[in-house]
Each structure stands twice: as structure tokens, then as C-alpha cells.
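Here the sequence shown is numbered in my numbering, starting from 654 and rising by one per residue. We put the beta carbon where it would ideally sit given N, CA and C, even for glycine. Nothing here was measured: the structure is a model prediction, and the numbers come from that model.
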Amino acid sequence: MAKLAPTSTKYIIKASIKAKGIVEKPDVIGAVFGQTEGLLGSDLDLRELQRTGRIGRIEVNMEIKEGNSEGEIIIPSSLDGAETALIAATLETIERVGPCIAEIKLIAVEDTRSDKRKFVVDKAKEILKGLSESGVPNVDEVSEQIKAAVRTDEITNYKGSPCGPNLLDSESIVIVEGRADVVNLLRYGVKNTIAIEGTSVPPAVAELTKEKSATAFVDGDRGGELIIKELSLKADVDFVTAAPRGKEVEELTQKEVFKALREKIPLAQYLKEGFNGARAANGGAEGAAAAQAPAAPAEKREAEPRLHRVERYRDERPRHRYADERRGRDRYERRGRERPRDGGLFSKMGFGRREDEKPVRLTARQKEEFGRMLDELVGTRAACILDSEGNVMGRVPVGEIESTIRSMENANAVVFDGKVTHSLAYAARSRGVKVLAGMEKDAPSSSGICILDRKDLGK
């Protein structure tokens, strides 16, 4: 007899049997085949169906109780529902088993596919739940991923050392340990980085530190301390900062990166007091950062009179970005022609018309220019003050922005490495400043002043 494979079984026929006398399993099976033979025709003959595998092996379980026999008959079937029902009905026509009178009653015809259906439904629910949880990706998240990928692709090389694309154009640089650190900082828009790739300082990096303001950004471990020590001996580093204790620069989040850069301290102060002592002495991270100027050693900064700081920063870079506009202004004057009224980068914003309190609206070009300036100020804790033509009037430490704009008459825009607070926004608006652009902002834009952060500028 052929045995029906469990995977092809559609139905299970179950019936009970009672016989007056003692009968055994072979007697029951013989009665099933013998007394149903020819009853439904040759197409539904049990022997033929079993031979072709459409009916499985008949199972019989019998028990003897007080001289009588009771049991259960189980028949697997791969026939369709109607044919299976006919086979099940024929079992109740059996009246004798061997020499004994018997009675067979149908218990049930079970659909084995019901379990499969339940499994399919449960699995479908699980799949649908997973799809619902994943959902459609947020547009801002996708946009940020694309920007991060583009920034990562911008990594270049300077005399054998991996670096960011703005290394040579920026007046300040950030020195890190390895290529992965450069990649991570690029991801967050810090493009003036260069890696020394180890504890040995390459000569090219040492030369750069003589020309630019340099900040060492190291891991928060013993290796980072050794790198600072090496840089202090072989390079002209102005400031130092480190990742949180136990973390590496390459694994920092955007918030941690900018927090560390804001908390940088002068090298001389670090060598004397270490990170914890120096920051505590300066009154915390913000106090330490605000006390620093990005382009000169601490001793020289403290020695210079406060009133001359704006003039000193005026002669510093990035002056090349505004040279064309200055040359253009001189060209009109030399030729005796009247300069166009809208020739300045920011003149369309209504700069100079301080009585106009309508909301300030920026063009794409203006936002791009502010964004570029903000990129160059990352980690410097400095502020650029611009006039109505977009020319840099001066550059001051972040902590001196309010006092500086209160003393100036023609400040129309301030771009700085810090957070735009309510007090700063109020002071700027009261002095006619039209644009405040910082790394972060607490204050919203209002009539007469436009307040921007890195997100607003697409950074």
C-alpha cells in the first residue's frame, strides 16, 4: 500500500468503531476495504485510491473492554472535499467486522489546511506590522544622508595627509589623528581638517600650523594626550580639544563634535592645567570658548587693547572672498560712472533702510554666501560683522558680539560660531542688524531681522 505524504494530505477522516466481541486491527481494515468495494464505482475504490496515493494508510486503534472492542479509524485523504465526504459516508455502511456485529460512526472530517491558513494569516500580520513600522523614510533624514555622503566624498589629500576640501582656503585648521576622523568631521560640515595619521607629525602639517590658527582635536584617551604632546613639540598649535573620555573623534555625533570644538582651550593653558582644570578655571565650556580669539596666541590677545580688536581682525582673512566686490566698486569710481544701486550682495534685503520693519527675505545666493562663511568659522568661536554691501567690517570673539554691535553704526549682518540667543537677537535688532547667522538658534526670526542656523542654510 502507498503511504500518503503528510505534505499532500488535505483532509483527515476520523470515525469511531464499536464491536460486540473481540476484533483486531487487521479485521477492521479488511472490513473497510471489503464492505466498501464497488459501492462508489471504480473511481472511488479504496484499494485503487490507496495504490495511486490519493488515500493514505488507514490507521486503527482498538481497545478491549469487558469482551467488547472499541476504537478509532483514521484515514488521510488528498481527494477534494466532495470525494472525501463520500468516502467518509461509506464507513457508516459497515455492519460487521469479522464475526462480530459492529457500528461505525463518523466523528469528523478535518481540513489539515486550516493550520496552514492560520500560519499564513499570522505571518502576513507580522510582515504587515514590519512594513508599517518601517514606513516611508522622512524627507529630512534622506536629505541629510545624501548631504553626508557628498561631504564624505569631498575628502582630499595634502602632501600625503588626508584633509578636507577647505584646508588651504580657511584661515584656521583642525588637526585630527586619522582619515576616519576627517571623514566624520566632513559628515558634519567641518571641512578645514587634516590628519597626521599616527603620533608622528608630518612636516607639511607642521608648516601649515605656522601659517594658520591650528586646533588639535584628539581622542579622549591616553593616545590623544600623547598626540597633543607631540604637536606641542613639533608644531605651532594654538588650541586643543578632545572627544569625551573613552570616545574617539571618528564615532562622535554632530552635537558632540561642535560641543568639543566650542570647548577648545589654549595649548599653554592645557599644558599647565589639563582639560578639566582649564575649563573649570574659565567657568565652564562656554566661558572657556568665549575667552578665546581664533587667530593669535592667548598672551598676545590679552595684551592688546580692546578697542583695537575690530581693526586687527579687519586685516585678517578671508579677505579674498570680498576682493572682487571691492575691486568692482573702485572700477566704477575710476570710470566716473554711478555704481548700480543693487550691486551689493545684500542690498536687495533692504540693508540700510533700518526704518523698514518688514520681514527680511534672503535669496539663494545670499544663503549660500552665509553658509560658506559659517563653514569657515566652525571651531573658531569668532564672529564676522558685515556691512550692507557684504564686506567684512571686522571679526571679533563671540563673547564680544553684543558690545561690538552696540558701538558700531553700520553693522547689517553678523555670522558667528555660536548660538543665537534671545538677548543677542534683541541687541542686534535694536542696532538695525538685519541678519544673525549662527550654528544654532534659540530665538526665531521676527520683523526686521532674519535669524538663521546651519539647518536653515542647508548644512
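{"query": "Name the residue from GLU677, GLN688, THR1057 and ALA895 whose alpha carbon lies nearest to the alpha carbon of GLY720.", "result": "GLU677"}
{"query": "Under a three-way DSSP split, which group does ASP764 fall into?", "result": "strand"}
{"query": "Enumerate, from N- to C-terminal direction, the unbroken beta strand (DSSP E) stretches of 3 or more residues contained entirely within the region 811–884.", "result": "814–816, 825–829, 846–848 and 866–871"}
{"query": "Could you pull the start and end residues of the beta strand (DSSP E) that THR894 belongs to?", "result": "892–895"}
{"query": "Taking the Cβ atom as the reference point for each residue, do ILE740 and SER669 lie within a distance shorter than 9 Å?", "result": "no"}
{"query": "Would the region 920–928 and the region 851–861 be scored as touching if the rule is three or more Cβ pairs under 8 Å?", "result": "no"}
{"query": "Which residues in the same chain as GLY873 place their Cβ atom closer than 8 Å to its Cβ, once the five residues preceding and following it in sequence are excluded?", "result": "ALA895, ALA896, PRO897, ARG898, GLY899, LYS900 and GLU901"}
{"query": "According to DSSP, SER785 sits in a beta bridge with which residue or residues?", "result": "For SER785, which the question treats as bridged, DSSP gives no partner whatsoever."}
{"query": "Pairs of beta-carbons, one from the region 1019–1037 and one from the region 1060–1073, closer than 8 Å: are there three or more?", "result": "yes"}
{"query": "Do you know how far the Cα of ARG875 is from the Cα of LEU1030?", "result": "29 Å"}
{"query": "Between which residues of its own chain and VAL1064 is the CB-CB distance below 6 Å, once the five residues before and five after are set aside?", "result": "Correcting the residue identity first, residue 1064 is Ala in this sequence and not Val. Contacts found: ILE1038, ILE1058 and VAL1086."}
{"query": "With C-beta atoms as the reference, is ILE726 less than 9 Å away from ILE675?", "result": "no"}
{"query": "How many whole angstroms separate the CB atoms of THR746 and GLN688, which I take to be in contact at a CB cut-off of 8 Å?", "result": "7 Å"}
{"query": "Which stretch, first to last residue, makes up the beta strand (DSSP E) that contains LYS671?", "result": "664–672"}
{"query": "Could you tell me whether the Cβ of GLY751 comes closer than 9 Å to any Cβ of chain D?", "result": "The displayed structure is made up of one protein chain only, and chain D is not part of it."}
{"query": "By the three-class DSSP mapping on this structure, what secondary structure does ARG1107 have?", "result": "coil"}
{"query": "Just the C-alpha distance for TYR664 and GLU723, rounded to the nearest angstrom, thanks.", "result": "23 Å"}
{"query": "Residue ranges of each beta strand (DSSP E) run of no fewer than 3 residues wholly in the region 675–721, ordered along the chain?", "result": "712–718"}
{"query": "Would you identify the three-state DSSP class for ILE808, choosing helix, strand or coil?", "result": "coil"}
{"query": "When burial is assigned at 16 or more other CB atoms within 10 Å of the CB, is ARG700 buried or exposed?", "result": "exposed"}
{"query": "Using beta-carbon positions only, say whether ASN845 and VAL871 come within less than 9 Å of one another.", "result": "no"}
{"query": "Could you check the C-alpha separation between GLY927 and VAL893 for me, to the nearest Å?", "result": "10 Å"}
{"query": "By DSSP, does MET1026 sit in helix, in strand, or in coil?", "result": "helix"}
{"query": "Going along the chain, which residues of its own chain have a beta-carbon closer than 8 Å to the beta-carbon of ASP733, five neighbours each way excluded?", "result": "LYS663"}
{"query": "Please report the residue range of the beta strand (DSSP E) in which ILE1038 lies.", "result": "1035–1039"}
{"query": "Could you check where the alpha helix (DSSP H) with VAL910 kicks off and where it finishes?", "result": "907–915"}
{"query": "Identify whether LYS900 lies in helix, strand or coil by the three-state DSSP scheme.", "result": "coil"}
{"query": "Give every residue of the same chain whose Cβ lies closer than 6 Å to the Cβ of GLU763, excluding the five residues on either side of it in the sequence, and list them in chain order.", "result": "ILE665"}
{"query": "Specify, as a first and last residue, the run of the beta strand (DSSP E) that LEU732 falls within.", "result": "Here LEU732 belongs to no beta strand (DSSP E), and DSSP marks it neither H nor E."}
{"query": "Just the Cα atoms here: how many angstroms apart are HIS706 and ASP696?", "result": "One detail in the question is off: residue 706 reads as Gly in this sequence, not His. Roughly 13 Å between the two C-alpha positions."}
{"query": "Which term fits SER731, buried or exposed, when burial requires 16 or more other beta carbons within 10 angstroms of its beta carbon?", "result": "buried"}
{"query": "Under three-state DSSP, which class holds VAL1088?", "result": "strand"}
{"query": "Helix, strand or coil: which one does DSSP assign to LYS758?", "result": "strand"}
{"query": "For LEU1110, which of GLY1101, LYS1094, SER1100 and SER1099 has the nearest alpha-carbon?", "result": "LYS1094"}
{"query": "By DSSP's criteria, VAL1049 is part of a beta bridge. Which residues make up the other side?", "result": "ALA1036"}
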